[in-house]
Structures are given as C-alpha cells and as structure tokens.
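Working notes for the structure below.
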Amino acid sequence: MDQLSTNNNLNLPEDGDETKIVDVTFQYIVIRLGEEQYGIDISYVNNIVRMQRITRVPKVAPYLKGVINLRGEVLPVVSLRLKMGLDEDVFDKATRIIILKTENEGQIGIIVDEVKEVVTLSEKSIEKISHDNKSEKANFLSGVGKNNGELISILDLNMISLEDN
Amino acid sequence: MDVSQYLEIFLDETNEHLQNLNTQILELEQDPENSDTVNEIFRAAHSLKGMAGTMGYKRMQNLTHDMENVFSEVRNGNIKVQPEMIDVLFQCLDALQEYTDNIKNTADEGTNDNEPLIRQLNDILNNKGASGAPAAAPAQAPAAEKAEEASSDEPWYDINYDESQLSVLTEASKQGGKVYGIKVSVDPSCVLKAARAFLVVKAIEEKGELIVSNPNSQDLEDEKFESDFTLIVISDEPLENLIAAAKSVSEISDAVGKELDVTKLHSSETESEAEETPAAQTTAPAVAEAPKAAPAAAPAQGAAPAKAADKKPGKVAVKQTVRVDIEKLDSLMNLVSELITAKNSLVSASSSSEGNNSSFNEQIEYLESVTSNLHESVMKVRMVPIESTVNKFPRMIRDLQKQLGKKLEFYMTGEETELDRTVVDQIGDPIMHLLRNSADHGIESAEIRAQRGKPEAGSIFLDAYQDGNNVIIEVRDDGNGIDIEAVRAKGIERGVITPEQAAAMSDKEVINLLFNAGFSTAKKVTDVSGRGVGLDVVKSMIESLSGEVDVKSELGVGSTWTIRLPLTLAIIQALMVVVGGEKYAISLGSIQTIETIEKSDIKLVQNEEVINLRGTVIPLIRLNEVIETESHPIDENSLIVVIIKKGDKMAGLVIDELIGQQEIVIKPLGKYVKHVKFITGATILGDGEVALIFDANTLL
Chain A
255 MDQLSTNNNL
265 NLPEDGDETK
275 IVDVTFQYIV
285 IRLGEEQYGI
295 DISYVNNIVR
305 MQRITRVPKV
315 APYLKGVINL
325 RGEVLPVVSL
335 RLKMGLDEDV
345 FDKATRIIIL
355 KTENEGQIGI
365 IVDEVKEVVT
375 LSEKSIEKIS
385 HDNKSEKANF
395 LSGVGKNNGE
405 LISILDLNMI
415 SLEDN
Chain B
43 MDVSQYLEIF
53 LDETNEHLQN
63 LNTQILELEQ
73 DPENSDTVNE
83 IFRAAHSLKG
93 MAGTMGYKRM
103 QNLTHDMENV
113 FSEVRNGNIK
123 VQPEMIDVLF
133 QCLDALQEYT
143 DNIKNTADEG
153 TNDNEPLIRQ
163 LNDILNNKGA
173 SGAPAAAPAQ
183 APAAEKAEEA
193 SSDEPWYDIN
203 YDESQLSVLT
213 EASKQGGKVY
223 GIKVSVDPSC
233 VLKAARAFLV
243 VKAIEEKGEL
253 IVSNPNSQDL
263 EDEKFESDFT
273 LIVISDEPLE
283 NLIAAAKSVS
293 EISDAVGKEL
303 DVTKLHSSET
313 ESEAEETPAA
323 QTTAPAVAEA
333 PKAAPAAAPA
343 QGAAPAKAAD
353 KKPGKVAVKQ
363 TVRVDIEKLD
373 SLMNLVSELI
383 TAKNSLVSAS
393 SSSEGNNSSF
403 NEQIEYLESV
413 TSNLHESVMK
423 VRMVPIESTV
433 NKFPRMIRDL
443 QKQLGKKLEF
453 YMTGEETELD
463 RTVVDQIGDP
473 IMHLLRNSAD
483 HGIESAEIRA
493 QRGKPEAGSI
503 FLDAYQDGNN
513 VIIEVRDDGN
523 GIDIEAVRAK
533 GIERGVITPE
543 QAAAMSDKEV
553 INLLFNAGFS
563 TAKKVTDVSG
573 RGVGLDVVKS
583 MIESLSGEVD
593 VKSELGVGST
603 WTIRLPLTLA
613 IIQALMVVVG
623 GEKYAISLGS
633 IQTIETIEKS
643 DIKLVQNEEV
653 INLRGTVIPL
663 IRLNEVIETE
673 SHPIDENSLI
683 VVIIKKGDKM
693 AGLVIDELIG
703 QQEIVIKPLG
713 KYVKHVKFIT
723 GATILGDGEV
733 ALIFDANTLL
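As you go down the protein sequences, you meet chains A and B in turn.
Reading the first sequence from the start, the letters are residues 255 to 419 in the working numbering.
Reading the second sequence from the start, the letters are residues 43 to 742 in the working numbering.
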C-alpha cells in the first residue's frame with residue numbers, strides 16, 4: 255500500500271550493523287470481530303468511541319447502520335460485520351466505534367466487537383495477499399501480519415468506501 | 043506607492059461602477075434626453091478613471107478618459123445620443139470588463155490598448171458639430187454653437203467671476219496691467235494631475251498675479267478637473283513668457299492664452315442683476331450685452347443640473363456599510379448554530395427535570411428568544427438583494443436581441459428580493475441559461491409571431507419574490523412553449539427513452555427529460571444556446587443550492603421556468619415528529635396544517651389513499667412506508683396528518699406522533715449517505731441524538 259508509507263517509522267540500523275537493511279514498521283490497532291483479530295492501520299484512525307445511539311437512515315444498504323453525533327458532527331456508521339458478510343452485530347460493553355478519516359468521504363465510523371491493543375509490525379513480517387484468490391473474506395484484507403506467533407489480518411480500508419448501492 | 047492592498051477594493055468598486063454604467067447606458071438608450079442619467083454615467087466614468095489612474099492601470103484610464111469626454115459633451119448638450127454611440131459605449135464597457143478580469147486574475151490589466159474603440163470614441167467627439175447641432179432644435183442651435191465655441195476655445199469667457207475678482211481685474215486693466223487668460227491642457231495619461239496643476243500655478247505666479255482659476259484652487263488640488271484648466275492672470279510680462287512657463291512643466295500637453303478684454307468678462311450674477319454689478323454697468327454697453335447673454339446663459343444652464351446632481355449623493359441618506367470577509371460571517375453563523383444546539387439541550391433538560399422551577403423555565407424562554415433574534419440578525423447580515431446579480435441581464439437581453447435578430451422586451455421585478463450571499467453569487471449562471479434559452483428557443487421569429495397574432499416583440503419576464511421560507515425566481519416568456527411531442531421524439535432518437543417508455547410517459551415526465559444531460563431540442567446550434575449543455579447544468583447548480591427548478595409550458599403560448607430556493611441554508615424552523623419510534627424533522631416552510639383524520643374518512647381513488655379536506659382531495663403518504671418501518675399510532679382509529687404543499691401540489695403525511703416546533707441546525711449527512719432523496723440532512727437534538735430532516739418537496 256503506497257499511500258501508507260507517509261506515516262512510516264524508519265528504523266535505521268545501529269552503528270556497526272553491517273547488513274544495512276532498512277526496516278520499515280507500521281502500527282496497527284488490533285480489533286476483534288467474532289473470533290478473529292484484524293489490524294487497522296493507525297494512521298487512518300481518528301478516534302475510538304464507545305457504542306452510542308445510532309440513528310437509522312432509511313433506504314440505504316444494510317451495512318450502513320445509520321448516523322451518529324460526534325461532537326456536533328453527523329457521521330455515518332458502518333457495520334464491519336455486515337460489510338464482511340458476517341452475522342449481525344450484538345452490541346455489548348466491549349463494542350466500539352472506530353472513527354476513520356477517509357480521503358473522499360470524510361469521517362466514517364466502523365463498529366467492531368472489541369478494540370484490543372496497538373501493535374507494531376515490520377514490513378517483513380507482513381505477507382501480502384493477492385486479491386484474485388481465496389475466499390470472499392480475502393477481498394477485505396491487504397495482508398496478514400505475524401505478531402508473537404499470532405496471526406493478524408490487515409484490513410484493506412478501501413473496502414469501507416462507498417459501493418454502488 | 044504600493045497599491046496592491048487596495049486591489050480588492052478597486053475590483054469591487056470597479057465592478058459596481060461597470061454595472062452601474064451598464065444599467066445607466068441602457069436607460070440612456072431608452073431615454074436619450076434624460077440629463078440625470080447622463081450625469082450619473084459621467085460620474086461613474088469619472089470615478090472609474092480616477093480609480094484606474096490611482097492604481098496605475100494606464101490603458102484602462104485612457105479608455106475611460108475618452109468615454110468620459112464623450113459623456114461630458116453629451117452632458118453639455120453638444121452631442122446627441124445615438125444608437126451607434128450606445129453600441130460603441132457598450133463595447134467600451136466590455137473592454138473595461140476585460141481589463142478588470144485581467145486585473146483580477148493577474149493583477150495586470152493586459153496589453154490590449156483597444157485602439158479601435160478609442161478611435162471610435164474620438165470620431166464621436168469630432169463629429170459632434172455634424173451630429174449634434176443640426177439635431178438640436180433650431181431655436182437653440184445658435185446658442186448651443188456659441189456655447190460650444192466658448193467652452194472649447196475661449197474658456198475665460200465661460201467663467202463666472204465674482205464681484206471682487208471682476209473689480210480687481212477691472213482695476214488692473216485701468217492701471218495698464220495686462221489681463222491674460224491661459225488655458226492649460228494636461229496630458230491625458232498624466233497620473234498626478236493635481237501636482238502638475240500646482241507646478242503650473244507656481245510657475246505662473248512667478249511671472250504675475252493669479253487672480254482666478256477655473257476650477258478653483260481647492261478643486262485643482264483635489265484633482266477635480268478634466269484634462270484642462272483655466273487661469274486668469276494679471277502680469278506685466280508678455281503672454282509668450284507665461285505660456286512658456288506653463289509649458290515648462292512636464293506632462294503639460296498644451297497651453298494657449300490670450301490677452302483679455304475685461305469688459306467681456308461676465309459676473310456670476312444673473313442677467314437681471316447684472317445692472318447692479320458695477321463692473322458690468324460701467325463697462326458693457328446695453329446693446330452688446332444681449333448676444334453675450336446667450337452664450338453666458340447656455341453654459342450656466344448646462345452646469346446647473348450637473349451641480350444639482352453632484353449634490354445628490356449627499357442628500358440621499360447614505361447607508362453606512364462595512365465590507366466583511368464572508369468567512370468571518372460563516373464562523374459567526376457556526377457559533378450561532380452551536381448556541382442554538384446548546385439552548386436546545388437546556389430546553390430538553392428543563393422539560394425532563396421534574397418539579398416546578400418556573401423561574402428556570404422563564405430564563406430558558408428568554409434565552410430562546412435571544413438566540414432566535416441573534417440567529418435572525420446574523421442571517422440578515424448574510425442576505426443581499428439579488429439585484430447585484432440580475433442587473434446584468436437587461437444588457438444581456440439587449441445584446442441577444444442584436445445577435446438573434448429578434449425583438450425582445452425584458453421586464454424585471456423583485457430585484458430587491460434578498461437571498462443568502464453565497465446563493466446570490468451562484469444563482470446568476472442558471473438564470474442566465476434560462477433567459478438565453480427563452481430568448482433563443484422560446485421566442486419565435488417575427489414571421490411566426492405575426493402568424494400567431496402576437497406582438498412583434500417577444501416578452502421575457504424575470505420575477506423574484508419571497509414565498510414563505512423560499513425565494514421564487516421565475517423566468518417567463520410569451521414564446522413558443524415546449525413542443526412535448528418533439529421532446530418525446532428526440533428522447534427516443536437520442537436513446538434516452540424507449541418508444542414504449544415514451545408512450546407511457548406523462549407530459550410532465552417528458553418535459554423533465556429536458557433536464558437530462560446532453561438533451562437539446564434546438565434545431566440549430568447557435569452561439570446563444572443549444573450546445574446540449576445547459577438545462578442539466580442549470581438543474582444541478584440549483585440543486586447544489588438545495589433548490590429546485592420546474593417548468594410549465596403551453597405550446598404556442600409560452601413557458602415559465604420556476605426556480606425555488608430556500609431562504610436560509612443552515613438553520614430552519616421545523617416540526618419534530620415521530621414515525622415508527624424514530625424522530626424526524628419536517629421543515630415548517632412546506633407545512634400547511636396539521637389535521638387529525640378519522641380512519642373512516644380515508645377514501646380510495648385509483649387504489650391510492652386520499653382524504654377530502656374542506657373540499658380539497660389530498661393524497662395520503664404513509665411516512666412509515668417511505669422510511670420502511672412499522673407504524674405505532676397512539677390512537678388506532680385516527681391518523682395524525684401533516685399537510686404539506688409545494689406550489690399547487692399538496693399531500694398529507696401520516697405520522698405517529700407530534701413532538702412540536704423547534705429551531706434546528708442543518709448538518710450535512712456527508713457523501714456516504716447522499717443518495718437518499720427525501721432526506722436533506724440531519725440535525726442534533728437537545729439530548730445529543732441525531733434526527734433526520736425530511737425534504738417534503740421530494741415526496742410530492
């Protein structure tokens with residue numbers, strides 16, 4: 255993802271390191287949807303808020319749950335579960351809305367089951383996924399990262415963008 | 043001098059003056075004898091010239107200078123207004139507009155000297171004898187000619203001397219001093235005329251005694267003169283020395299002089315009083331006075347209305363204005379919005395808290411009235427009359443008339459109607475499209491009009507007025523109207539609709555096809571319109587202003603295009619309702635009444651639910667069906683119906699519950715949810731909850 259490289263941390267090797275490999279790292283917010291963990295590039299995240307009352311908007315796609323009031327601004331909220339073809343959300347204490355800033359559509363909130371932690375992954379540890387193979391779910395992913403033996407699927411945030419609906 | 047900081051003001055004022063000139067010259071074309079108009083034009087041209095000069099825009103200054111010369115002659119009655127002259131003047135205005143646009147874009151006026159225009163202006167000036175005098179009434183002709191002669195060659199006989207000046211001059215000439223009149227012409231391109239005049243006066247004063255200057259010394263200092271001024275000097279030196287002294291000053295294009303016969307100078311007193319002035323009494327024989335009185339009277343009359351008009355701006359109550367950056371107003375407006383939201387929170391907090399704290403409620407009510415007034419004031423600040431935008435249209439129609447070879451009459455009403463500044467700025471183009479459309483496609487050719495028994499000149503009307511929370515702008519013509527069958531055929535030909543669809547479409551739907559991109563029924567592509575872009579652009583532009591456009595037409599009789607725009611964009615009065623447990627806002631502007639209807643009163647017409655309300659049959663719209671939710675009415679046997687109206691269409695919206703009236707701040711929903719047609723936006727309620735706003739117009 256080229257557009258990500260703006261926010262990278264360039265970890266230059268220590269003196270005396272003869273290999274001179276430049277390792278690029280990214281930070282991800284790890285969220286939970288059902289049993290699976292996903293990573294969201296932190297540079298896109300503006301805010302994380304608790305679940306709040308969502309005003310339904312009629313005649314829109316089911317995954318567009320409605321709009322919320324975030325400090326005087328009205329933002330659309332998308333169900334990540336429905337967007338990915340999973341079961342309907344069940345809101346509980348752990349449910350959060352992550353406010354993403356997008357280039358074309360302004361701020362959008364996405365509903366996740368839980369926000370777990372922030373991890374730093376090096377570029378090397380992320381395996382890219384090509385979009386033409388595998389299951390439908392793979393279409394939402396840009397890669398899979400390894401963190402302490404756990405696998406974290408990196409969400410491709412372009413999929414949040416508006417489709418023809 | 044660095045003038046860049048004045049650039050914005052310069053552009054603003056230049057545009058105002060140009061607009062003013064356009065309007066006034068149009069008026070002059072209708073009424074060539076109107077001296078008020080001529081004076082107004084002269085003043086505007088003069089101010090333009092001054093401003094351009096100050097800013098260092100030489101070409102612009104030259105052109106305005108020559109225009110001003112023409113107006114000056116018109117004002118003095120030396121040139122008659124003629125159609126060709128009006129054409130040239132309009133071309134000049136276009137050229138000036140071009141300069142202004144260049145300046146706006148590049149801070150430079152460009153390099154076009156507009157020599158042909160300047161030549162034409164000079165031709166008008168030079169032909170004044172030929173075109174002006176014969177046209178004047180025979181009785182006035184000799185007087186006019188003499189006045190002209192006097193004003194151009196011997197300006198010293200033009201000056202109205204006061205008694206003391208005359209006595210000084212008479213005294214000096216009696217004692218053998220020579221009295222000279224010197225006319226000094228400043229180079230037209232000279233920027234600092236006042237400074238040049240000062241230098242000339244200084245040079246002359248070294249050689250003799252300056253008695254009178256015309257204009258007076260104060261006006262010379264203030265640069266209140268055209269290209270030349272006149273000095274009356276008493277000196278012992280020969281005239282040549284004085285002339286040479288004057289010419290020694292740079293940027294002085296010419297200086298001519300003459301030794302004066304003091305007896306020929308006239309006083310500022312009127313003729314009847316002339317006998318009382320000693321100078322005139324002693325020196326002027328009664329016989330000689332009669333012919334001289336004529337030239338003296340003529341310029342005096344010419345000058346009189348000018349002077350009166352000059353004073354006019356002082357008499358008219360000038361409104362004090364401040365130019366404010368619109369961004370500052372926007373931020374003020376945002377603050378007012380927040381205040382209203384905060385007030386709404388207080389209101390909902392007070393209504394939910396139990397107990398009788400009436401003083402608290404009183405204060406809340408007070409706060410409510412203050413915020414509404416504040417909102418209204420801020421809104422009013424943003425409101426400007428649409429005049430500034432529509433004023434250019436008479437000129438446009440005039441040009442179209444020549445371009446299209448059709449006779450057009452243009453009527454405009456409601457220029458004073460006010461709209462939000464941002465809307466006024468953007469509404470010009472759509473209106474222009476519609477007017478051009480009417481002129482080109484609407485109004486028939488003269489032959490067809492004659493066949494139909496219509497007057498030869500086609501009429502185009504532009505009416506603006508306020509209607510509730512909306513402003514309506516109507517473009518109307520008495521032309522051909524829309525040929526619905528032609529549109530239908532065109533739609534099929536263009537592949538916009540299939541023949542089956544075409545057959546099923548109502549006339550109204552067919553007319554709406556016109557707003558499709560790339561749809562033009564013009565048989566010929568002309569410069570004026572008919573490039574296939576236009577109506578769709580009109581529509582999208584108006585919709586981007588939250589407005590809508592509609593057309594009514596009768597074949598052979600004419601069309602009416604109606605633009606409906608919301609008065610305010612940000613804060614509205616709305617009715618809050620509940621449907622299926624969800625809160626919605628409906629703009630109060632479109633609501634007629636609220637009715638309670640018994641279920642038994644609902645009738646079915648063509649399988650649609652209608653009610654008969656005081657004799658009017660109104661279709662019912664079940665809002666819960668529109669928004670795809672269950673209805674939970676409070677009372678199973680009756681319905682709460684909100685009657686909405688747009689133009690002459692009405693409908694009844696069935697809701698579950700009424701909450702009440704509230705002032706709401708409209709927030710955009712963002713691109714992500716933009717495609718929901720009947721929702722115009724959202725608002726944040728007192729408790730922080732978001733409610734969607736219904737656009738009742740789209741439901742009709």
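Built from N, CA and C at the ideal position, the CB exists for glycine as well.
Pairwise C-alpha distance: residue j and residue i
| i | j | result |
| --- | --- | --- |
| Ile364/A | Ile584/B | 34 angstroms |
| Asp372/B | Ile51/B | 21 angstroms |
| Glu637/B | Ser680/B | 10 angstroms |
| Leu742/B | Lys313/A | 18 angstroms |
| Ile285/B | Ile166/B | 30 angstroms |
| Arg286/A | Ala348/A | 10 angstroms |
| Asp367/A | Gly623/B | 26 angstroms |
| Ile149/B | Thr106/B | Checking the sequence shown, residue 149/B turns out to be Ala, not Ile. Rounded to the nearest angstrom, the two C-alpha atoms are 19 angstroms apart. |
| Gly728/B | Ile406/B | 13 angstroms |
| Gly521/B | Gln133/B | 29 angstroms |
| Ile383/A | Gly293/A | 14 angstroms |
| Ala137/B | Asn144/B | 11 angstroms |
| Leu630/B | Leu617/B | 6 angstroms |
| Gln162/B | Ala245/B | 37 angstroms |
| Val465/B | Leu587/B | 7 angstroms |
| Pro230/B | Pro427/B | 38 angstroms |
DSSP-derived helix/strand/coil call for residue i
| i | result |
| --- | --- |
| Gly320/A | strand |
| Glu650/B | strand |
| Thr459/B | coil |
| Gly728/B | coil |
| Lys382/A | strand |
| Arg424/B | helix |
| Asp108/B | helix |
| Phe557/B | helix |
| Lys641/B | helix |
| Ala94/B | helix |
| Met305/A | coil |
| Phe267/B | coil |
| Glu342/A | coil |
Test item: CB-CB of residue i and residue j under 8 angstroms
| i | j | result |
| --- | --- | --- |
| Arg358/A | Lys713/B | The sequence shown places Asn at residue 358/A, rather than the Arg named in the question. Yes, these two residues count as a Cβ contact at 8 angstroms. |
| Val335/A | Glu342/A | It is Arg, not Val, that sits at residue 335/A in the sequence shown. In contact: Arg335/A and Glu342/A (Cβ atoms closer than 8 angstroms). |
| Ile524/B | Ile439/B | no |
| Val696/B | Ile660/B | no |
| Glu498/B | Glu457/B | no |
| Gln615/B | Glu699/B | no |
| Asp467/B | Met425/B | no |
| Tyr48/B | Met97/B | yes |
| Val593/B | Val580/B | no |
8 angstroms contact criterion, which residue i and residue j should meet: CB distance rounded
| i | j | result |
| --- | --- | --- |
| Pro710/B | Gly689/B | With 8 angstroms as the limit, Pro710/B and Gly689/B do not qualify as a contact, their Cβ atoms being about 26 angstroms apart. |
| Leu103/B | Lys91/B | Checking the displayed sequence, the identity of residue 103/B turns out to be Gln instead of Leu. Confirmed, about 6 angstroms. |
| Val369/A | Arg350/A | 5 angstroms |
| Lys444/B | Asn64/B | In fact, because the Cβ distance is near 15 angstroms, the residues do not count as touching under 8 angstroms. |
| His417/B | Val378/B | 5 angstroms |
| Val432/B | Ile490/B | In fact, because the Cβ distance is near 29 angstroms, the residues do not count as touching under 8 angstroms. |
| Ile121/B | Ile67/B | In fact, because the Cβ distance is near 14 angstroms, the residues do not count as touching under 8 angstroms. |
| Ile682/B | Met692/B | With a Cβ gap of about 16 angstroms, Ile682/B and Met692/B do not count as contacting. |
| Leu504/B | Met454/B | 5 angstroms |
>> Can you confirm whether the stretch 266-280 of chain B touches the stretch 219-226 of chain B when touching is taken to mean that 3 or more C-beta pairs between the two stretches lie within less than 8 angstroms?
In response: The way I'd put it, the stretch 219-226 of chain B does touch the stretch 266-280 of chain B; three or more beta-carbon pairs between them come closer than 8 angstroms.
>> Across the stretch 204-222 of chain B and the stretch 236-245 of chain B, are there enough close Cβ pairs to call them in contact, namely three or more that are closer than 8 angstroms?
In response: Under the Cβ criterion (8 angstroms, minimum of three pairs), the stretch 204-222 of chain B does not count as touching the stretch 236-245 of chain B.
> Using 8 angstroms as the threshold, is the stretch 293-307 of chain B in touch with the stretch 196-214 of chain B, meaning 3 or more CB pairs across them?
Replying inline: yes
>> For the pair the stretch 526-534 of chain B and the stretch 543-559 of chain B, tell me if three or more CB-CB distances fall below 8 angstroms.
In response: yes
>> Using a Cβ distance threshold of 8 angstroms, determine whether the stretch 314-323 of chain A contacts the stretch 374-381 of chain A, with at least three qualifying pairs required.
In response: Counting Cβ pairs under 8 angstroms, fewer than three are found: no touch.
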